[in-house]
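Colleague:
There are 2 protein chains.
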Amino acid sequence: MPTLNDLDTPALTVDLDVMEANLARLQNYCNAHGLGLRPHIKTHKIPALAHKQLALGAVGIACQKLGEAEVMADAGITDILIPYNLVGQRKLERLAVLTRRARLTVAVDSAEVARPMAEHLAGEGVEAGAVIELTSELNRCGVTDTRTAAALAREIAGGRGLRFRGVMVYPSSAKSMPLVSETLAALRAEGLAAEMVSGGGSPTAYRSHEFPGLTEIRVGTYIFNDWSYVRDGVCTLEQCALKVITTVVSTPAPERAIIDGGSKTFSSDMGVPMGHVIEYPPAVIYKMNEEHGFVDVSKCPRKPKVGERLTVIPNHACGMMNMHDEVYGIRGDTIEAVWKVAARGRVK
Amino acid sequence: MPTLNDLDTPALTVDLDVMEANLARLQNYCNAHGLGLRPHIKTHKIPALAHKQLALGAVGIACQKLGEAEVMADAGITDILIPYNLVGQRKLERLAVLTRRARLTVAVDSAEVARPMAEHLAGEGVEAGAVIELTSELNRCGVTDTRTAAALAREIAGGRGLRFRGVMVYPSSAKSMPLVSETLAALRAEGLAAEMVSGGGSPTAYRSHEFPGLTEIRVGTYIFNDWSYVRDGVCTLEQCALKVITTVVSTPAPERAIIDGGSKTFSSDMGVPMGHVIEYPPAVIYKMNEEHGFVDVSKCPRKPKVGERLTVIPNHACGMMNMHDEVYGIRGDTIEAVWKVAARGRVK
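Protein chains in written order, with our numbering: chain E, 78 to 425; chain W, 78 to 425.
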C-alpha cells in the first residue's frame, strides 16, 4: 500500500480526518439552524467530494462557472446554482442544454443579463431558476438598490425562460443585511415570494443564523480551510486539511532554504507569508518564484537540510486547487484516495 | 472557418504574427552574436511551440521541472537542460529513465544534490550532463563562492553518472558577471573546461553579448511578452502576443465594469494593474477575485457595456499559461491553431 513517503513532491494532499470533521461541523450547524448548506465546489472541483457533501445533507451545489457545472452534471449532480452572470451567446446555448440535465438556478444583476437569457431559454422551451444578486461591501457585481431589484424581479416573474426564485448576496455579512431585508420587503409588497435567499462565504458561515431571512449558504473553503483563514482567525491550524508535501532542494545560505514548490504549486494569492511550514513553525515563506519557494529559516533553532520534506499549509485553498490535476486523500500515512481535479481550469 | 468572435470567453489567444516576430528577433540576435538560444518552455508548455523554436535555430530547450521534460521528450525533443536541483529518490529514478530518451543536462548547486544523483545514474549505467548553478542578485539557489564551485566541479568531473559541462546563472545580469568570470578562471586553472556557460532571463536577453564567456541563454517569456514587461520597459505593447478575450458581465456602478476573468484566468502574479485592456487604454484592472476582474473605467470617456468583449494583455505570461488547458493561435480574426498546454501542471 503506498504511503505519504512514496509520493513525489510537490504533492497536494488532503487530510481526510480533518476534512470530514470540517464537513460534519458546518452541516451540523446548518441542520441545527434550519439552514440549507450549498457547498461551493469552486474550492475542490472534485465530483467525489461534491457527492460526499450532498450525502451529508447539502441541498445542492454552487458552481462559479458553467464549465464547472457541466462537469458536476456529468457526475450526476442535479441541483446547481451558478451565482454568476452568464453572458454571451455560447454560454446561453450551453445553459439551455444543461437545464435538460439538472435543476439550474442562475444569478442575474441586470436586465442586460436577464433578458437575452430568458429569451434564449424560452426559445429553447426550457427554464432556469433565477435569483437576483444584490451588492455588498465587496463592491463587485450586484444590484445596488431595492427599487431596481424589485423591477428586475417583476420583469423575470412576468416573463418566460426564467423562473424568479429570490435573491443572493456575497458575502452574507452584517453589512449586507439592510439591503437584503429591504429588498425582501419590497418583493413581498409586490406579492413576489423569495423562496431562496442565498448567502455565502466561509468566514461568516457560523453566523448565518443571525442573518434575517437567509434560507441557505454557499460556502467553499470550509471543506479544507487554509493559512489565510488561520491568519484571519477564521479557523485553527488543526482544522486545515490541505497539506502540500515539498522537498528542500537548496540551502544556499544559513538563513535560507528553497523548496520545490512556488507560485505554480501554491498560487500567488493572499500575500506574505505564503503558507505555513508545519515542521518549522518559526520558518517564513517570504517569496515565491514559479517553481521555487523561498523560506526564511533564520529563526529556526534547527535548520532544514537538502532532501528534507516540509509540509506546507497553503495560503489559498481555491487558487491552489485550480492548478493541480491530482490530489491525494490521506489518512495517517496511508493514501486512501487519488482524485482527479475534474473541473480544474473550466474558466468558461 | 471559426473566428475570434466564435470563441467563448475567457479565451486565451496567441497573436501568431506577433509571436513569430518575437521568436525571429531574438534568434537573429543570438545568431549575430554567436550565442546559443535555449528557449525555456516553462512559459508556453506546448510541444508544437518548442519544435517551432528549434526549427528556427534553438540549440535545445530548458524545462524547469522533470515532468515538463518528460512531456517534451514524449514529443521527440532530445536536448534538454533542467536548470533546477532534482532531489529525491523518485526524481532520480525518473531522471535515469529520461536520459535514455534525451540528452539531459541538469543543474546542481551542492554536493548534497550532486552525489546521490551521480550515484543513482552511475548505478543505472547512464549519464547526464551537469552544470553548476551560481548565485545571483535573486538570492535564490546557487553556489555563492568560486572555491566551492570549483570543488563541486572537481568532484563531478572525477566521478561517474554526471559529466561536468560548465556553469549556469539566473538572471545573467551585469551583477552576475564577476562570480561567473571568477569561477570560469578557477575552473580553467584546474584544467576543467566549461563548454556551457548558460545565462537566462528575457529582460536581459538583448545584452547577452556583453556578458563575458556566455555560450547560451535560457529565455522563456520572449515568445509572448506580457504587461509586466511593458511596464518595466522590456518590450512594447505591440510586441505582446498573449491576449485574453473576456466579456463584461456587469456594470454595477458608473466607474466599475466586471469581466469574466479573474485570478483563475490570469493568476495573481505581478500586482496592480493586473493587465491592460486594449480597447480602453485608460481602464485599470485594479483587483481580481477568482472569476471576477474588477475594472476601473472612471477615466474612460466611453464606458464598456454588458456583453462587450474586452481584450486583455495579461500581467504574467508564464503564470497564466499554467492554468489553461487550451490556447488558440490567431492570425487576424482567424483561428489557425488550437494547442493543448501539454506540460501544464507538471509540478513534479
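All residues carry an ideal CB built from backbone N, CA and C; glycine is no exception.
(1) Below 8 Å on the Cβ atoms is my guess for E/D346 versus W/S340; work out the distance and round it to an integer in Å.
(2) Can you find at least 3 beta carbon pairs, one from the region 233 to 251 of chain W and one from the region 273 to 283 of chain W, that sit closer than 8 Å?
(3) Answer with yes or no whether the minimum CB distance from E/Q141 to chain W is below 8 Å.
(4) Taking C-alpha atoms, which residue in W/A420, W/T324, W/K425 lies nearest to W/D83?
(5) Hey, how far is the Cα of W/K142 from the Cα of W/M194?
(6) Which residues, in chain order, does the region 301 to 335 of chain E contribute to contact with chain W at a C-beta distance below 9 Å?
(7) So what does DSSP say about E/F241, is it helix, strand or coil?
(8) Mind pulling the chain E residues with CB within less than 9 Å of W/C377?
(9) For a contact defined as C-beta to C-beta under 7 Å, what are the partners of E/N162 on chain W?
(10) Taking any Cβ of chain W, which residues in the region 116 to 135 of chain E have a Cβ under 9 Å from it, in chain order?
(11) Who are the neighbours of E/E367 on chain W, taking C-beta pairs under 8 Å?
(12) Compare the C-beta of E/K168 against all C-beta atoms of chain W and say whether one is closer than 8 Å.
(13) Please confirm whether W/V190 has its beta-carbon closer than 8 Å to some beta-carbon of chain E.
(14) Would E/V185 pass as a contact of E/I159 if the rule is Cβ separation under 8 Å?
(15) Under three-state DSSP, which class holds E/H393?
(16) When the Cα atoms are used, what is the spatial distance from E/C107 to E/L114?
(17) Classify W/G200 as helix, strand or coil using the three-state DSSP reduction.
(18) Taking C-beta pairs closer than 9 Å, name the residues in chain W that E/P391 reaches, listed in chain order.
(19) Does E/E413 pass the burial test, meaning 16 or more other C-beta atoms within 10 Å, or should it be called exposed?
(20) Applying a beta-carbon distance threshold of less than 8 Å, which residues of chain W neighbour E/S492?
(21) Please list, in chain order, the chain E residues whose beta carbon lies closer than 8 Å to that of W/P87.
(22) Return yes when the Cβ of E/T120 is within less than 8 Å of the Cβ of E/C395, no when it is not.
(23) Could you pull the DSSP bridge partners for E/Y405 from this structure?
(24) Going along the chain, which residues of the region 196 to 230 of chain E sit with their C-beta nearer than 9 Å to a C-beta in chain W?
(25) Please classify W/D410: is it buried, with 16 or more other beta-carbons within 10 angstroms of its beta-carbon, or exposed?
(26) What residues of chain W sit near E/D186, judged by a beta carbon separation below 8 Å?
(27) Rounded to a whole number of angstroms, what is the C-alpha to C-alpha distance between E/E385 and W/S285?
(28) Residues of chain W with CB under 8 Å from E/G165, in chain order?
(29) With distances taken Cα to Cα, identify the nearest neighbour of W/L131 among W/G236, W/D337, W/L103.
(30) So, with DSSP's three-state summary, where would you put W/T212?
(31) Quick check on E/P329: does DSSP put it in helix, strand or coil?
(32) How big is the Cα-Cα spacing for W/S213 and W/E293?
(33) How should W/Y363 be labelled, buried or exposed, when 16 other C-beta atoms within 10 angstroms of its C-beta is the threshold for buried?
(34) Does chain W have any CB closer than 8 Å to the CB of E/D402?
(35) Contact defined as beta carbons within less than 8 Å: I believe E/V164 pairs with W/V383. What is the distance between those atoms, to the nearest angstrom?
(36) So W/L211 and W/A226 are supposed to be a Cβ contact under 8 Å. How far apart are they, rounded?
Modeller: The relevant details are as follows:
(1) 6 Å
(2) With a cut-off of 8 Å, the region 273 to 283 of chain W and the region 233 to 251 of chain W count as touching, because enough Cβ pairs lie within range.
(3) yes
(4) The shortest Cα separation from W/D83 among W/A420, W/T324, W/K425 belongs to W/T324.
(5) 16 Å
(6) Those residues of the region 301 to 335 of chain E that come within reach of chain W (Cβ to Cβ, closer than 9 Å) are T324, V325, V326, S327, T328, P329, A330, R333, I335.
(7) strand
(8) Those within 9 Å of W/C377 in chain E number zero; the least Cβ separation is about 18 Å.
(9) By Cβ distance, chain W contributes V326, S327.
(10) Cβ contacts with chain W come from K119.
(11) K119, Q141, C395, G396, N399
(12) yes
(13) It does: the Cβ of W/V190 has a partner Cβ on chain E nearer than 8 Å.
(14) no
(15) coil
(16) 6 Å
(17) helix
(18) Result: empty, since nearest Cβ-Cβ is about 13 Å, beyond 9 Å.
(19) exposed
(20) In the structure displayed, chain E extends from 78 to 425; residue 492 of chain E sits before or after that span and is not available.
(21) V424, K425
(22) yes
(23) Bridge partners of E/Y405: E/T90, E/V415.
(24) E210, T212, L215, N216, R217, C218, G219, V220, T221
(25) exposed
(26) S327, P329
(27) 36 Å
(28) D85, T86, T324, G384
(29) W/L103
(30) coil
(31) strand
(32) 17 Å
(33) exposed
(34) Yes, contact with chain W.
(35) 6 Å
(36) 6 Å
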